[in-house]
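Shown next, in structure tokens, is the structure this report addresses.
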Amino acid sequence: MPLASVFIFIGCLSISAVPPFNGFISEYMIFRTIISSISYFAPLQSFLLVVILMVAAAALALTGALVAFCFVKFFGICFLGMTRSKEAENAKEPGKPMIMALASAAVLCLLLGIFPNYAIKLIDSVGSQLIYIKLLTTNWSLLPSEYYPANNSRLSIPSGLIALLLVVLGAIVLLVVMALRKRTFVQRYNTWDCGYTKLNSKMQYSATGFSKSLRIIFRGLFKPVRDLEITEGIAPYHIKAGRYTTSTVKFFEKYLYQPFVKSIIYFSRKIRFTIQTGSIHAYLMYFFGIMVLMLLYYSFTA
Amino acid sequence: MFVSMLKFIFQMFFILLISPLFTGVIRKIKSKIQHKIGASVFQPYYDLIKLLKKDLVVSNTSSWIYNVAPYVYFITSLAAAMCLPVVYQLRGFSLYTDLLVIVYFFVAGRIFMALAGLDTGSTFGGMGSSRELLISALVEPALFLIIITVGANPEIASTSVFSIYDYVVENSSNTFSTINILLFAAMLMVMIAESSRIPVDDPSTHLELTMVHEAMTLEYSGRHLAFIEMGTYIKQLVFMTFMANILIPLGLNAESLIVGLGIYLLKIVVITILVGVIEINTVKFRLFSLPNYAVIALIIAVLGFLTRFVLR
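So this is what it looks like as structure tokens:
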């Protein structure tokens with residue numbers, strides 16, 4: 000799926016906040032907001048807020064890096080290396096409508112990354128009603144609206160210049176490579192396999208293996224469980240079959256969402272057995288009660 | 000416009016010309032401490048020239064990402080270097096550049112290199128990219144806190160390199176303040192981790208399993224490898240420039256360009272000596288003791304932050 004993979008790749012890049020894509024603009028704006036807020040609140044001696052902002056910034060930085068980790072894993076395991084399954088080997092390009100959908104999203108990622116001011120202006124009209132400050136002064140432009148923000152509220156994103164810088168440097172490198180290309184020879188050969196000569200797709204890093212180090216480092220959070228079953232053959236160490244299972248605890252699901260969901264289900268059960276008994280007499284009684292209440296309400300308000 | 004273009008070109012050639020030198024200097028310092036003669040400080044240049052002339056071997060299983068990644072890595076590193084002028088006089092072209100953007104350029108290069116590591120289908124490549132991303136994720140909070148501490152100073156309130164340089168030059172008299180020393184220490188740790196140097200990663204062992212960055216680039220040869228090496232040298236120099244110009248701003252306000260460049264080179268050499276001495280006195284950490292390393296860097300950065308904004 001060469002074409003689809005390119006568009007998915009662009010999506011991966013923009014969510015990992017790579018300039019000049021839209022994810023970068025979003026993360027950049029969040030960090031600039033944090034910086035402006037700290038520089039505004041620190042002289043006002045509101046230290047609790049400053050410390051909270053600091054923790055938020057550090058957490059966002061870690062999250063941003065882990066997002067990159069996640070999407071390298073996703074793209075690398077799905078699209079790169081040797082094919083990992085029969086299905087992957089026979090993968091075909093999806094139909095035109097699907098390609099179009101991917102392409103339009105990818106193009107938007109790039110456009111919003113290079114001309115973010117247009118989108119920011121739309122959002123700005125909402126924000127400015129709440130805080131009476133406009134982020135942008137000009138409509139939209141390739142260059143940031145101001146020299147550098149003289150006061151806290153103005154935002155200038157060097158998006159156009161970033162794209163320009165990358166294009167210029169890219170062109171220079173392209174020229175150099177074109178010149179070098181004439182003199183050298185490219186040979187395609189097998190991946191280096193330590194002299195084993197039978198490198199197969201199962202020797203590659205798997206998705207689980209790729210994030211193993213993260214599971215170990217954050218084991219307090221994920222509580223990974225590992226189980227290895229080995230069926231031995233004629234002699235010990237002569238392994239006939241092996242079965243490896245690993246699982247992690249979904250921390251937030253288990254300790255945040257599930258208790259919440261469980262308590263809601265618990266209360267609705269209770270209510271069901273006390274109010275919704277299934278007897279039609281009781282339901283007619285409810286109708287009657289509500290009618291009386293509504294009539295009373297009407298007579299008092301009118 | 001013309002002057003700022005000249006400045007741009009000067010900065011680019013200066014960075015390209017000078018960045019391999021400091022890797023050579025670090026190697027020389029390490030050899031000297033071990034009472035070896037060591038290779039010439041210009042050895043990285045010879046290696047690069049040799050690599051550029053060599054033919055390439057490209058893996059059968061690789062896709063276009065493998066072929067593009069070295070150039071993207073190089074371009075993003077160079078773009079990051081263009082955001083940080085080496086001397087105060089050159090800041091003209093960096094009117095709109097930004098400290099945060101530098102970090103994101105590095106993120107871009109790293110993502111491409113990690114994907115290229117997975118692209119060849121080699122076990123080492125996958126291992127290298129997994130670990131490289133892990134290390135960078137661990138030191139990222141410290142790096143951002145350093146930048147925020149520099150940028151969120153109420154007198155700057157921006158991450159624009161232009162206004163930071165202006166502020167730093169005005170206040171270059173109190174170079175050795177507590178904040179600067181703390182941030183410098185944190186940045187040194189981040190720099191060592193990001194440029195794959197010894198306590199974190201050992202690029203010169205003979206075993207692929209102990210490498211991180213080199214395991215990822217194991218399959219590369221010829222000019223691909225030359226561009227990757229160059230990208231790494233530039234990346235290292237960007238971090239050193241950050242330390243030299245923003246965290247030890249002493250002498251950044253020099254009148255003439257030549258004196259400024261001389262002071263800059265002197266400061267970078269001091270930092271390389273520091274890095275060399277650290278390398279020679281430590282061994283590579285276990286991968287799973289790296290979180291401790293990252294947390295120490297983070298704590299130092301947090302102390303710097305609190306010193307600037309809370310304990311005034």
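Going down the list, the protein sequences come from chains A and W. For the first sequence, the positions run 0 to 301 when numbering that gives the first Met the number 0 is used. For the second sequence, the positions run 0 to 311 when numbering that gives the first Met the number 0 is used. Ideal Cβ positions, reconstructed from N, Cα and C, are used throughout, including at glycine. A quick note: this is a predicted structure, and the numbers were derived from the prediction, not measured.
Pairwise C-alpha distance: residue j and residue i
i              : j              : result
residue 274(A) : residue 260(A) : 21 Å
residue 186(W) : residue 179(W) : 10 Å
residue 362(W) : residue 26(A)  : Absent from the structure is residue 362(W), since the part of chain W shown begins at 0 and ends at 311.
residue 163(W) : residue 96(W)  : 11 Å
residue 50(A)  : residue 152(W) : 14 Å
residue 229(W) : residue 76(W)  : 9 Å
residue 9(A)   : residue 227(W) : 22 Å
residue 282(A) : residue 288(A) : 10 Å
residue 111(W) : residue 69(W)  : 8 Å
residue 135(W) : residue 243(W) : 22 Å
residue 126(W) : residue 213(A) : 13 Å
residue 111(A) : residue 11(W)  : 29 Å
residue 0(W)   : residue 170(A) : 20 Å
residue 35(A)  : residue 303(W) : 18 Å
residue 235(W) : residue 67(A)  : 21 Å
residue 250(A) : residue 47(W)  : 48 Å
residue 215(A) : residue 227(A) : 17 Å
residue 177(A) : residue 222(W) : 12 Å
residue 17(A)  : residue 270(A) : 51 Å
residue 147(W) : residue 158(W) : 8 Å
Buried or exposed (CB count within 10 angstroms, at least 16 for buried), residue i
i              : result
residue 182(A) : exposed
residue 200(W) : buried
residue 267(W) : buried
residue 72(W)  : buried
residue 53(A)  : buried
residue 82(W)  : buried
residue 108(A) : buried
residue 300(W) : buried
residue 193(A) : exposed
residue 193(W) : buried
residue 72(A)  : buried
residue 284(A) : exposed
residue 27(W)  : buried
residue 21(A)  : buried
residue 278(W) : buried
residue 183(W) : buried
Residues of its chain near residue i, where Cβ-Cβ distance is below 6 Å and the 5 sequence neighbours each way are ignored
i              : result
residue 150(A) : Because residue 150(A) sits at a pLDDT of 37, beneath the cut-off of 50, its placement in the model cannot be relied upon, and the point is left open.
residue 43(W)  : 19, 22, 23
residue 103(A) : none
Proximal residues of chain W, C-beta to C-beta of residue i below 8 Å
i              : result
residue 174(A) : Those within 8 Å of residue 174(A) in chain W number zero; the least Cβ separation is about 12 Å.
residue 183(A) : 52, 53, 54, 55, 221, 222
residue 214(A) : Result: empty, since nearest Cβ-Cβ is about 11 Å, beyond 8 Å.
residue 251(A) : Residues of chain W passing the Cβ test: none, with the nearest at roughly 19 Å.
residue 165(A) : 74, 75, 78
residue 42(A)  : 153
7 Å CB neighbourhood of residue i in its chain, flanking five on each side removed
i              : result
residue 202(W) : 195, 210, 212, 213
residue 61(W)  : 118, 119
residue 206(A) : 72, 76
residue 233(W) : 14, 18, 76, 77, 80
residue 253(W) : 259, 262
Sheet register partners of residue i (DSSP bridge)
i              : result
residue 196(W) : BP columns for residue 196(W) are empty, so no partner.
residue 56(W)  : 186(A)
residue 224(A) : 246(A)
residue 231(A) : 238(A)
residue 97(W)  : 159(W)
Chain-ordered neighbours of residue i on chain W, where CB pairs are closer than 9 Å
i              : result
residue 97(A)  : In chain order: nothing, as chain W lies at least about 20 Å away.
residue 189(A) : 58, 59, 60
residue 202(A) : 120, 121, 122
8 Å CB neighbourhood of residue i in its chain, flanking five on each side removed
i              : result
residue 166(W) : 152, 154, 155
residue 64(W)  : 111, 114, 115, 118
residue 55(A)  : 33
Interface residues of chain A facing residue i [CB-CB closer than 7 Å]
i              : result
residue 150(W) : 34
residue 104(W) : 18
Partner residues on chain A for residue i, Cβ-Cβ distance less than 9 Å
i              : result
residue 214(W) : Here the premise fails: no neighbours, minimum Cβ distance about 11 Å.
residue 140(W) : 56, 57, 58, 59, 60, 61, 64
Partners in chain A for residue i, counting only beta-carbon separations shorter than 8 Å
i              : result
residue 100(W) : 18, 27, 157, 161
residue 290(W) : 216
residue 287(W) : 212, 215, 216
7 Å Cβ cut-off: residues of chain W touching residue i
i              : result
residue 209(A) : 125, 129
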